[in-house]
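So the protein sequences, as listed, match chains A and B.
Residues in the first sequence are numbered consecutively from 1, following the UniProt record's numbering.
Residues in the second sequence are numbered consecutively from 1, following the UniProt record's numbering.
For glycine and all other residues, C-beta sits at the position ideal for the given N, C-alpha and C.
Since the model is a prediction, treat every value here as computed from it, not as a measurement.
Encoded as structure tokens, the structure appears first; notes follow it.
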Amino acid sequence: METSPNLHGIELLSFSLSPEPFAGSKEKQVSYEFNVQQEQKTNPDKQLVVVFTTVTVMPSGSTLPLATATVACGFGIPASEGTLTRQTSGEYLISADIGQAVSRAATGITRGILYSQLRGSFLQDCILPLLPGE
Amino acid sequence: MENFDATNTNYTSDLVNNLLSHISPAEQDQTDHKMKMAAKIHAALKAKGWKSLDLARELHLKSPSLVSKWLSGTHNFTMDTLVDIQRVLGIRLLDADLAIAPPPLNVNVTVPVVPSSLKDVIQGPLYKIASQSGGLTGSPVNA
Chain A
1 METSPNLHGI
11 ELLSFSLSPE
21 PFAGSKEKQV
31 SYEFNVQQEQ
41 KTNPDKQLVV
51 VFTTVTVMPS
61 GSTLPLATAT
71 VACGFGIPAS
81 EGTLTRQTSG
91 EYLISADIGQ
101 AVSRAATGIT
111 RGILYSQLRG
121 SFLQDCILPL
131 LPGE
Chain B
1 MENFDATNTN
11 YTSDLVNNLL
21 SHISPAEQDQ
31 TDHKMKMAAK
41 IHAALKAKGW
51 KSLDLARELH
61 LKSPSLVSKW
71 LSGTHNFTMD
81 TLVDIQRVLG
91 IRLLDADLAI
101 APPPLNVNVT
111 VPVVPSSLKD
121 VIQGPLYKIA
131 SQSGGLTGSP
141 VNA
């Protein structure tokens, strides 16, 4: 019987990269800001949790996105009581330890995919730092 | 006269055994190397489509009979002769280089690949999981 989430699959759902804003000028952007959004969804029949992670890279002090990637990571979760509970609102509640585990794993996977996608571009040194709580 | 395959003849004789017992390992090693050297030169000649005469001409020998002697496997080659032969034939008979070529590294890795079925899952019915405190996302982070 499974006792921890196992990675079921990874999909890069979308990726976009803007042209270098300072191309041709000597001024180089050295500081970037990351916006990370995560959403968890589940298919309770298959005991699957899919974590959608969207990372947006922006120049510091700007909201102009330079690169955006959305990655879906599917995890099989243990089929034990209390792992997933349906609330009256229709939403599901996942146990805190499993929810945090899949969230951290998905963030790490997205970091790797973003790094891979940005290789060779003007953002190749731009690596998603460790997030608080990660 | 009856033909027979000498290589497949399992022939034993006290006389032959007695003669062979007088050959020291060092002498056997020398003979082996002479034979192998002759075989290597012969193979290189064949690969280039040359006759003994061609090799004799390339090496400015007076007679091709010397080449025949080399190919008999009994000739005690000098270093100069071997260097000349390997130069005109384009082969390596001597390995005097100090550099040792590293052995080729062969690594076989077999990784079982499970096809991702995430696309089907994403397209299927998915229910939202309520966000909890202690999540990783939130305010922007700097790099």
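Going by Cα to Cα distance, which pick from the options is closest to residue i?
| i | options | result |
| --- | --- | --- |
| A/Glu81 | A/Arg119, A/Tyr32, A/Gln47 and A/Leu7 | A/Gln47 |
| A/Leu93 | B/Ala130, B/Lys51 and B/Lys34 | B/Ala130 |
| A/Glu11 | A/Ala72, A/Gln117 and A/Asp97 | A/Ala72 |
| A/Ala101 | A/Val50, A/Pro59, A/Leu17 and A/Glu33 | A/Val50 |
| A/Thr70 | A/Gly112, A/Ser31, A/Ser95 and A/Gly76 | A/Gly112 |
| A/Gly9 | B/Tyr127, B/Trp50 and B/Asp120 | B/Asp120 |
| B/Leu126 | A/Gln124, A/Gly90 and A/Ala67 | A/Gly90 |
| A/Gln124 | A/Leu66, A/Gly99 and A/Phe75 | A/Leu66 |
| B/Thr78 | B/Leu94, B/Gly90, B/Pro64 and B/Ser65 | B/Leu94 |
| B/Ala43 | B/His60, B/His22, B/Gly90 and B/Lys62 | B/Gly90 |
| A/Ser4 | A/Gly99, A/Leu118, A/Ser31 and A/Glu39 | A/Gly99 |
| A/Phe52 | A/Tyr32, A/Tyr115, A/Pro59 and A/Gln38 | A/Gln38 |
| A/Arg86 | B/Gln123, B/Lys128, B/Lys51 and B/Val83 | B/Lys128 |
Along the chain, where does the alpha helix (DSSP H) containing residue i start, and where does it finish?
| i | result |
| --- | --- |
| A/Ser89 | Premise fails: A/Ser89 is in no alpha helix (DSSP H) and is neither H nor E. |
| A/Tyr32 | First-last for A/Tyr32: Tyr32 to Asn43, but that is the beta strand (DSSP E), not the alpha helix (DSSP H). |
| B/Lys69 | Ser65 to Leu71 |
| A/Arg104 | Ala96 to Leu118 |
| B/Gln86 | Met79 to Leu89 |
| B/Gln123 | Leu118 to Gln123 |
Just the Cα atoms here: how many angstroms apart are residue i and residue j?
| i | j | result |
| --- | --- | --- |
| B/Met1 | B/Ala39 | With a pLDDT of 46 at B/Met1, under the threshold of 50, the modelled position of that residue is not reliable, and the figure given next carries that caveat. Cα to Cα, the separation comes out at about 29 Å. |
| A/Glu20 | A/Arg104 | 30 Å |
| A/Ala79 | A/Gly120 | 43 Å |
| A/Asn35 | A/Thr110 | 13 Å |
| A/Pro129 | A/Thr83 | 30 Å |
| B/Val16 | B/Leu105 | 46 Å |
| A/Asn43 | B/Pro103 | 53 Å |
| A/Thr63 | A/Thr107 | 22 Å |
| A/Gly133 | A/Thr54 | 18 Å |
| B/Ile41 | B/Val88 | 11 Å |
| B/Lys46 | B/Asp54 | 11 Å |
| B/Lys69 | B/Asn76 | 10 Å |
| A/Ile77 | B/Asn142 | 32 Å |
| B/Met37 | B/Glu58 | 19 Å |
| A/Ser16 | A/Thr68 | 5 Å |
| B/Gln132 | A/Ser95 | 10 Å |
| B/Asp80 | B/Glu27 | 23 Å |
| B/Ser52 | B/Asp32 | 22 Å |
| A/Ser116 | A/Gln40 | 24 Å |
| residue 206 of chain A | A/Cys126 | Limits of chain A in this structure are 1 at one end and 134 at the other, which puts residue 206 of chain A out of reach. |
Where do the ends of the beta strand (DSSP E) carrying residue i lie?
| i | result |
| --- | --- |
| B/His22 | Careful: B/His22 lies outside any beta strand (DSSP E) and carries neither H nor E. |
| A/Gly9 | Asn6 to Leu17 |
| A/Ala69 | Ala67 to Gly76 |
| A/Leu48 | Leu48 to Pro59 |
Less than 7 Å between CB atoms is the rule here; does residue i satisfy it with respect to chain B?
| i | result |
| --- | --- |
| A/Ile113 | no |
| A/Phe34 | yes |
| A/Glu20 | no |
| A/Gly108 | no |
| A/Glu81 | no |
| A/Thr54 | no |
| A/Leu48 | yes |
| A/Gln117 | no |
| A/Asn43 | yes |
| A/Pro5 | no |
| A/Gln124 | no |
| A/Gly9 | yes |
Does residue i have its Cβ less than 7 Å from a Cβ in chain A?
| i | result |
| --- | --- |
| B/Val141 | yes |
| B/Leu118 | yes |
Within the 7 Å Cβ cut-off, does residue i reach chain D?
| i | result |
| --- | --- |
| A/Leu17 | No chain D is part of this structure, whose protein chains are labelled A and B. |
Practice problem: Can you give me, in chain order, the residues of the segment 83–101 of chain A that have a beta carbon less than 9 Å from any beta carbon in chain B? | Solution: For the segment 83–101 of chain A, the residues whose beta carbon sits under 9 Å from a beta carbon of chain B are, in order, Leu84, Arg86, Gln87, Ser89, Gly90, Glu91, Tyr92, Leu93, Ile94, Ala96, Gly99 and Gln100.
Quiz item: What residues from the segment 121–134 of chain B come within 7 Å of chain A, judged by C-beta to C-beta, listed N to C?
Solution: Those would be Val121, Ile122, Gly124, Pro125, Leu126, Tyr127, Lys128, Ile129, Ala130, Gln132 and Gly134, in chain order.
Quiz item: If you measure beta-carbon to beta-carbon, which residues of the segment 57–79 of chain A are closer than 7 Å to chain B?
Solution: Of all residues in the segment 57–79 of chain A, Ser60, Ala72 and Gly74 have a Cβ within less than 7 Å of some Cβ in chain B.
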